[in-house]
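Engineer: One structure, pasted below without further comment.
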Amino acid sequence: MPPDPFENELNLANAPVPPSVNSVPPVVFVEGFMGSGKQKNWGPLAEIFKNTGIDQNCSRKLIFVKPGCCNSLHDRAIEIFYQIKGGRVDYGEEHAKEFEHARFGRRYKGFYPQWSASNPVHFLAHSLGGITIWKLQQLLASDIFPASLNPHPDMILSLTAVSTPFKGTQGVYLLGSTINPNNIIRPFSIGCWLGRFVHIYEYFNIQWLKELFYDFNVDHWNFYWKNVWGCAITEKEQQSDNDNQNTSEEIKQSVAGKTYGLLYCLYKSPWLYNKDNGPFDMTIHGMKIVNETSRIFPNTFYRSYVTTITCTENSIYHTPKPSLSLYYPIYYLSYKIGRFRFPEAYKQYQPITDEELPEWYENDGLCPIISQYHPFSCSPGYCTHHDGMPPSEKYKSYQVSTKSRPNPVRGQWEVWKIKDTTHWSIIPVWYNDPKQMEFFVGYKEYLDQLDALHL
């Protein structure tokens, strides 16, 4: 059973509405693990969202956020908040002390400074992005943000998650994470080598590379060589990319702003061998910790798109369906997830029992479907489940009539299961695939439907 819903603490009826607010709430797009955050990857969304059901002459504001693509849920959620609202990223004094990184991060102007409980936004998130927004909503109900910014969970009008591991995934264990509490990641695994690459990349901090490819946004860990060696940061570097670098003086002022040498990081990274990173949060262990203190909120609309590519073959195990369009790495990872077993040596640490494991075998190449549904177990009044894409006005010839389209219910999870679809088929890269167009057109209609209920 999910925890009790959060009770509103603000008198929203008396909240002032700024005159500059658009007539419809914006939509924020959030990528998952290793997402580059580049708007062009999402496809022709400006064309799809060029008008709304409320006002055909009004285009919905589209916001593309760029949190650290390998950062923890906590850090990513904080970064997204300040990217939208504006201000200097503050990860929290206690959090910074616990994980020994700088308390403060980059400074942002804010995509939507008027964001508030009376001016909420929609979120569309993929994979790690989905649980990032789930975490953000929990933080909005806490006291981590300054009271002057009026944080409130109702700032999130809707959360739509695609291929999101709300309960974690055993795929992360296959890529390097361990269930041994004394060793967070295997030293010669794919995940560990990826972490070493991030350390080298961030140590040299080549700006044109970051602009062209990836910006991992791990400045608060102080991996940049000038931070490590205590060199002065130039004025140009301080001003570049939204004041992204911590100066030497700021490091001293920041809580637990430690620095680490490159060789030490390559040997035993204080970031990887830690619980404050994205890979750990995507483990079943990590999401159990998150969900133990999480709850649903009565004024938010929740929807999940569940993807799967596997089937059973007269056994409890799941195997990907053969397809020429399925890349071998995805096939192999899906196959291994479909018959995953925890190591015998660490049985005492496994987060789910052997009897429960078969429920975790059907997957999309990275995430089991049982984890993609929602954060808690199914119960009456908590969730509704459907097969296929939601009915769409434009694609009604392929679906049941839109008259049978379920009415969204606040505080209730709506789940849509899409077969023969991998973890990466819909988001985050645009392939000009008909299924992607159907998804985004349907999502646009869904937002119009929510706006009609909200406004």
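Residue 985 is where the sequence shown starts when you use my numbering, and the numbers rise one by one after that. Using N, Cα and C, we set each Cβ at its ideal position, and we do this for glycine too.
1. Rounded to a whole number of angstroms, what is the C-alpha to C-alpha distance between residue 1264 and residue 1419?
2. Quick check on residue 1372: buried or exposed, where buried means 16 or more other Cβ atoms within 10 Å of its Cβ?
3. Of the residues 1165, 1053, 1119, 1125, which one's Cα is nearest the Cα of residue 1332?
4. When you compare only the Cα positions, how much space is there between residue 1252 and residue 1086?
5. So for residue 1095, helix, strand or coil by DSSP?
6. Rounded to whole angstroms, what's the CA-CA distance from residue 1339 to residue 1027? Just pull it up for me.
7. Any idea if residue 991 is buried or exposed, counting beta-carbon neighbours within 10 angstroms, 16 or more meaning buried?
8. Does the segment 1153 to 1161 come into contact with the segment 1346 to 1354, if we say contact requires no fewer than three beta-carbon pairs (one atom in each stretch) closer than 8 Å?
9. Would you kindly report the start and end of the unbroken beta strand (DSSP E) that includes residue 1141?
10. Who are the Cβ neighbours of residue 1322 in its own chain at under 8 Å, not counting the five residues just before and after it?
11. If distances are taken between C-alpha atoms only, which option among 1402, 1369, 1314, 1290 comes closest to residue 1147?
12. Check whether the segment 1407 to 1414 touches the segment 1016 to 1032, taking contact to mean three or more Cβ pairs, one atom from each stretch, closer than 8 Å.
13. Use the C-beta contact count for residue 1381: other C-beta atoms within 10 angstroms, 16 or more gives buried, fewer gives exposed.
14. Check residue 1399 in the structure and name its three-state DSSP category.
15. Would you grab the beta carbon distance between residue 1168 and residue 1275 for me? Rounded to a whole angstrom, and I think it's under 8 Å.
16. Using a 10 Å radius around the Cβ and a threshold of 16 neighbouring Cβ atoms, would you call residue 1181 buried or exposed?
17. Please return the same chain residues whose Cβ sits closer than 6 Å to the Cβ of residue 1204, not counting the five positions on each side in sequence.
18. Using only the alpha-carbon positions, how far apart do residue 1329 and residue 1379 sit?
19. First and last residue of the alpha helix (DSSP H) that includes residue 1274?
20. Where does residue 1202 sit, in a helix, a strand or coil, going by DSSP?
21. Can residue 1107 and residue 1117 be called in contact, C-beta distance under 8 Å?
22. Give me the residue from 1112, 1124, 1079 with the minimum Cα distance to residue 1280.
23. For residue 1286, report the span of its beta strand (DSSP E) as first-last.
24. Classify residue 1197 as buried or exposed, calling it buried when 16 or more other Cβ atoms lie within 10 Å of its own Cβ.
25. Using 10 angstroms around the beta-carbon of residue 1450, count the other beta-carbons present and answer buried if the total reaches 16, otherwise exposed.
26. Mind checking residue 1313: buried by the 16 CB within 10 Å criterion, or exposed?
27. If you follow the alpha helix (DSSP H) that residue 1060 is part of, which residue opens it and which one closes it?
28. Mind pulling the alpha helix (DSSP H) runs of 4 or more residues that sit fully within the segment 1315 to 1362?
29. What are the boundary residues of the beta strand (DSSP E) that includes residue 1263?
30. Using only CA atoms, which one of 1048, 1122, 1335 lies nearest to residue 1278?
31. With respect to the alpha helix (DSSP H) encompassing residue 966, which residues constitute its N-terminal and C-terminal limits?
32. With respect to the beta strand (DSSP E) encompassing residue 1407, which residues constitute its N-terminal and C-terminal limits?
33. Could you tell me the alpha carbon to alpha carbon distance between residue 933 and residue 1284, rounded to whole angstroms?
34. Taking the C-alpha atoms as reference points, what is the distance between residue 1069 and residue 1060?
35. If you check the beta carbons only, do residue 1021 and residue 1045 fall under 8 Å apart?
36. Following the continuous beta strand (DSSP E) through residue 1014, name the residue where it begins and the one where it ends.
Structural biologist: The short version:
1. In the sequence shown, counting from the first residue as 1, residue 1264 sits at position 280. In the sequence shown, counting from the first residue as 1, residue 1419 sits at position 435. Roughly 31 Å between the two C-alpha positions.
2. Translated into positions along the sequence shown, residue 1372 becomes position 388. Result: exposed.
3. Against the sequence shown, residue 1332 aligns to sequence position 348. Residue 1165 is the option with its Cα nearest to residue 1332.
4. Here residue 1252 refers to the residue found at position 268 of the sequence shown. Here residue 1086 refers to the residue found at position 102 of the sequence shown. As the crow flies, the alpha-carbon of residue 1252 is around 19 Å from that of residue 1086.
5. For this step, residue 1095 is matched to residue 111 along the sequence shown. Under the three-state reduction of DSSP, residue 1095 is assigned to coil, being neither helix nor strand.
6. Taking the first residue of the sequence shown as 1, we reach residue 1339 at position 355. Taking the first residue of the sequence shown as 1, we reach residue 1027 at position 43. Residue 1339 and residue 1027: Cα-Cα distance of roughly 42 Å.
7. Sequence index remark: in the sequence shown, residue 991 carries index 7 (1-based). Low per-residue confidence applies at residue 991: pLDDT is 46, beneath 50, and the placement is therefore not dependable, though the value from the model is reported in the following sentence. With fewer than 16 other Cβ atoms within 10 Å, it is exposed.
8. Contact between the segment 1153 to 1161 and the segment 1346 to 1354 is present, because at least three Cβ pairs lie under 8 Å.
9. Translated into positions along the sequence shown, residue 1141 becomes position 157. Unbroken beta strand (DSSP E) run through residue 1141: 1140 to 1146.
10. One-based indexing of the sequence shown puts residue 1322 at position 338. 1294, 1301, 1302, 1303, 1304, 1345, 1346, 1347.
11. Stepping through the sequence shown from its first residue, residue 1147 is reached at position 163. It is 1290 whose Cα lies nearest to the Cα of residue 1147.
12. Taking a cut-off of 8 Å for Cβ pairs, the segment 1407 to 1414 and the segment 1016 to 1032 touch, as three or more such pairs fall below it.
13. Numbered from 1 along the sequence shown, position 397 holds the residue referred to as residue 1381. Residue placement at residue 1381 cannot be trusted, given a pLDDT of 46 that sits under 50; what the coordinates show is reported in the next sentence. Residue environment analysis places residue 1381 among the exposed positions, since fewer than 16 neighbouring C-beta atoms fall within 10 angstroms of its C-beta.
14. Along the sequence shown, read from residue 1 onward, the residue named residue 1399 stands at position 415. Assigned with DSSP and collapsed to three states, residue 1399 falls in strand.
15. Within the sequence shown, the letter at position 184 stands for residue 1168. Within the sequence shown, the letter at position 291 stands for residue 1275. The C-beta distance from residue 1168 to residue 1275 rounds to 20 Å, too long to fall under 8 Å, and the pair is not in contact.
16. Locating residue 1181 in the sequence shown gives position 197, counting from the first residue. It counts as exposed.
17. Here residue 1204 refers to the residue found at position 220 of the sequence shown. Same-chain partners within the cutoff: 1085, 1086, 1089.
18. Within the sequence shown, numbered from 1, the residue matching residue 1329 stands at position 345. Within the sequence shown, numbered from 1, the residue matching residue 1379 stands at position 395. Between residue 1329 and residue 1379, the alpha-carbon positions lie close to 52 Å from each other.
19. Residue mapping note: residue 1274 aligns to position 290 of the sequence shown, counting from 1. Start and end: 1268 to 1276.
20. Looking up residue 1202 in the sequence shown gives position 218. Looking at residue 1202 - three-state DSSP - the assignment turns out to be coil, as it is neither helix nor strand.
21. Sequence index remark: in the sequence shown, residue 1107 carries index 123 (1-based). Sequence index remark: in the sequence shown, residue 1117 carries index 133 (1-based). Against a cut-off of 8 Å, the Cβ pair of residue 1117 and residue 1107 comes out as a contact.
22. Looking up residue 1280 in the sequence shown gives position 296. Nearest of 1112, 1124, 1079 to residue 1280, Cα basis: 1124.
23. Here residue 1286 is taken as the residue at index 302 of the sequence shown, counted from 1. From DSSP, the beta strand (DSSP E) with residue 1286 extends over 1285 to 1292.
24. To locate residue 1197, count along the sequence shown from 1; it is residue 213. By the 10 Å Cβ count, residue 1197 comes out exposed.
25. This structure leaves residue 1450 out entirely; the chain is present only between 985 and 1439.
26. Locating residue 1313 in the sequence shown gives position 329, counting from the first residue. By the neighbour-count rule (16 or more Cβ atoms within 10 Å), residue 1313 is not buried but exposed.
27. For the purposes of this step, residue 1060 is taken as residue 76 along the sequence shown, with counting starting at 1. Its alpha helix (DSSP H) spans residues 1057 to 1069.
28. Under the rule that a run must span 4 or more residues, the alpha helix (DSSP H) segments found entirely inside the segment 1315 to 1362 read 1353 to 1356.
29. Taking the sequence shown and counting its residues from 1, the one referred to as residue 1263 is at position 279. Where residue 1263 is concerned, there is no enclosing beta strand (DSSP E), although the alpha helix (DSSP H) it sits in stretches over 1262 to 1265.
30. The residue labelled residue 1278 in the question sits at position 294 within the sequence shown. Closest by C-alpha distance to residue 1278, out of 1048, 1122, 1335, is 1122.
31. Limits of the chain in this structure are 985 at one end and 1439 at the other, which puts residue 966 out of reach.
32. If you number the sequence shown from 1, residue 1407 lands on position 423. Counting along the chain, residue 1407 sits inside no beta strand (DSSP E), nor does DSSP assign it H or E at all.
33. Residue 933 lies beyond the stretch modelled for the chain, which goes from 985 to 1439, so this question has no answer here.
34. What you label residue 1069 is simply residue 85 of the sequence shown in a count that begins at 1. What you label residue 1060 is simply residue 76 of the sequence shown in a count that begins at 1. In this model, residue 1069 and residue 1060 are separated by some 14 Å (Cα to Cα).
35. Working through the sequence shown from its first residue, we reach residue 1021 at position 37. Working through the sequence shown from its first residue, we reach residue 1045 at position 61. For residue 1021 and residue 1045, no; Cβs fall outside 8 Å.
36. Here the question's residue 1014 lines up with position 30 in the sequence shown. From DSSP, the beta strand (DSSP E) with residue 1014 extends over 1011 to 1014.
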